[in-house]
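Chemist:
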Amino acid sequence: MNYIDQINHFLKPSLNQTNLVIDLFAGCGGLSLGFEAQGFATHGFEMDADCCTSYNQNLKGNCTQITLTLETELPLGKVIIGGPPCQPFSVGGKQKGLQDSRDGFPIFINAVAKLKPEIWLFENVRGLLYRNKWYLDEITQALQSLGYIIEVKLLNAVDFGVPQNRQRVIVVGHKGDFKFPQVLDQKVTVGEALGEMAFHAPPESKFLTPSMDKYVEKYEKASSCKQPRDLYLDKPARTLTCRNISAPTGDMHRIKLPDGRRRRLLLREAARLQSFPDWFEFVGKETSCFNQIGNAVPPLFAFHLAGSIRSYLESGKRFSPEEISQKIIPVQLSLPF
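Each step along the sequence shown adds one to the number in this note's numbering, with nothing skipped, and position 95 is 96.
1. Measuring CB to CB, does Ser309 end up less than 7 Å from Phe181?
2. Are His175 and Ile150 touching if we call contact CB-CB under 7 Å?
3. Got a sec? Which residues, its chain only, sit under 8 Å from Asp231 by beta carbon, not counting five neighbours each side?
4. Taking just the CA atoms, how far does Gln18 sit from Thr43?
5. Please report how far the alpha carbon of Glu287 lies from the alpha carbon of Leu268, in whole angstroms.
6. Taking Lys188 and Val159 to be in contact with their CB atoms under 8 Å, please state how far apart those CB atoms are, rounded to whole angstroms.
7. Rounded to whole angstroms, what's the CA-CA distance from Leu12 to Phe304? Just pull it up for me.
8. Would you report the Cα separation of Asp235 and Gly128, rounded to the nearest angstrom?
9. Excluding five sequence neighbours on each side, which residues of the same chain lie with their C-beta closer than 6 Å to the C-beta of Ser289?
10. Checking 7 Å against the spacing of the C-beta atoms, do Ser295 and Cys243 come in under that value?
11. As an exercise, report each continuous beta strand (DSSP E) stretch of at least 3 residues that is fully enclosed by the segment 24 to 70, in chain order.
12. Exposed or buried, which one is Leu274 when buried takes at least 16 other CB atoms within 10 Å?
13. By the DSSP assignment, the alpha helix (DSSP H) with Leu232 in it spans what residues?
14. Expressed to the nearest angstrom, what Euclidean distance is found between the alpha-carbon atoms of Asp252 and Cys226?
15. From which residue to which residue does the alpha helix (DSSP H) around Glu139 run?
16. Taking only the alpha-carbon atoms, compute the straight-line gap between Pro204 and Arg265 and give it to the nearest angstrom.
17. Given this structure, state the Cα-to-Cα distance separating Val284 from Gln293, to the nearest angstrom.
18. May I have the straight-line CA-CA distance separating Pro278 from Lys328, to the nearest angstrom?
19. Quick one: is Arg132 buried, meaning 16 or more other Cβ sit within 10 Å of its Cβ, or exposed?
20. On the DSSP letters alone, give me the boundaries of the beta strand (DSSP E) that Val173 sits inside.
21. For Thr250, which option in Ala238, Val217, Leu241, Phe281 has the closest C-alpha, if you only look at C-alpha atoms?
22. Here's the rule: buried if 16 or more other CB atoms are within 10 angstroms of the residue's CB, otherwise exposed. What is Val184?
23. So is Gly317 buried or exposed if we call it buried at 16+ other beta carbons inside 10 Å?
24. Name, in chain order, the residues that DSSP records as bridge partners for Leu122.
25. Would Val113 pass as a contact of Val22 if the rule is Cβ separation under 7 Å?
26. At what residues does the beta strand (DSSP E) containing Glu152 begin and finish?
27. What's the gap between the Cα of Arg239 and the Cα of Glu324?
28. Only counting runs of 4 or more residues, tell me where the alpha helix (DSSP H) segments fall wholly within the segment 191 to 249, in order along the chain.
29. Ignore the nearest five residues each way along the sequence and tell me which others in Glu282's own chain have a CB closer than 8 Å to its CB.
30. Skipping 5 residues on each side, what residues in its chain have a beta carbon closer than 7 Å to that of Gly61?
31. Could you compute how far the alpha carbon of Leu25 sits from the alpha carbon of Pro211?
32. Quick check: what's the CA-CA separation for Trp121 versus Asp260?
33. Using three-state DSSP, classify Thr288 as helix, strand or coil.
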């Protein structure tokens with residue numbers, strides 16, 4: 002079964018869904034989709050109208066459009082997941098820490114404190130481990146105080162079948178014996194993900210103009226690029242972001258056609274590189290749809306994370322409060338240092 006058939010088949014929401022998962026800051030549902038495919042029921046919470054509509058149109062679970070606050074009423078769930086937006090990482094922001102109103106982590110921590118899930122997970126950018134590690138420490142200490150064993154790991158979606166190098170910090174809180182998913186042997190390439198799409202130019206294609214080519218060349222020279230940053234069909238893609246898939250920037254993702262012309266990614270191509278199935282339809286104007294894709298957790302990556310959480314819940318192995326107190330200091334970090 003090729004990559005396209007795999008994501009279209011394996012990422013279908015399961016007919017038999019149990020264990021409610023609360024997805025905070027759910028976006029268009031990339032993280033929830035992976036959990037639904039593993040047999041979980043989901044309920045997302047998201048402030049963006051287009052994201053919520055995409056979620057409701059494609060997933061079995063419901064998405065509530067709301068700006069989350071500490072007072073928001075949430076349903077009881079065995080699992081809490083999400084990608085909380087970070088506060089701006091400035092000196093002023095650092096001084097405010099978890100008191101910053103622009104930050105989503107206080108809401109996530111508050112939800113864990115109120116609902117007391119069996120296990121929780123959040124994902125975030127890799128910068129949380131390095132330049133902003135002070136902030137990760139602040140977050141994990143707050144969650145640790147709620148009686149959870151905290152594990153932090155830097156994972157790359159490319160190691161779990163996603164045709165894209167996308168490193169993300171995954172933080173899990175549990176009270177038993179949790180194991181992160183196993184890395185897969187084979188990596189999926191752009192060519193495998195896009196198939197024949199990579200060789201054609203549909204009517205809606207947007208080509209790079211000569212002036213754009215010069216701008217890209219200047220950008221790549223200034224960035225000390227060893228080779229053009231086109232998509233290479235025999236390799237996984239670079240990280241997709243809202244900016245480099247939706248706008249004509251020097252760093253934009255683009256495909257070089259057999260005739261030498263270069264064009265920007267189409268929506269469906271970006272979706273495939275993020276491991277969204279072809280049946281997943283995004284709602285909104287083009288820029289909104291690109292933003293939904295660029296901000297999402299790749300559903301196939303989420304599928305593997307959800308499998309680990311499902312195994313944890315099924316195992317039933319839990320530590321006593323005394324055992325947990327011995328295990329929660331220090332925070333268990335699995336970092337490439």
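Yeah, the Cβ is synthetic: ideal placement off N, Cα and C, and Gly gets one too.
Modeler: Working from what's here:
1. yes
2. yes
3. Arg255, Ile256, Lys257, Arg263
4. 9 Å
5. 8 Å
6. 6 Å
7. 8 Å
8. 28 Å
9. Asp51
10. Sequence check: residue 295 is Gly here, not Ser. In this structure, Cys243 lies closer than 7 Å to Gly295 by Cβ.
11. 41 to 47, 63 to 66
12. buried
13. No alpha helix (DSSP H) holds Leu232; DSSP gives it neither H nor E.
14. 11 Å
15. 134 to 145
16. 13 Å
17. 9 Å
18. 40 Å
19. exposed
20. 168 to 175
21. Val217
22. exposed
23. exposed
24. Ile82, Val173
25. no
26. 150 to 157
27. 42 Å
28. 191 to 195, 211 to 223, 243 to 247
29. Ser55, Gln58, Asn59
30. According to the sequence displayed, residue 61 carries Lys and not Gly. Same-chain partners within the cutoff: Pro14, Gln18, Glu37.
31. 44 Å
32. 49 Å
33. helix
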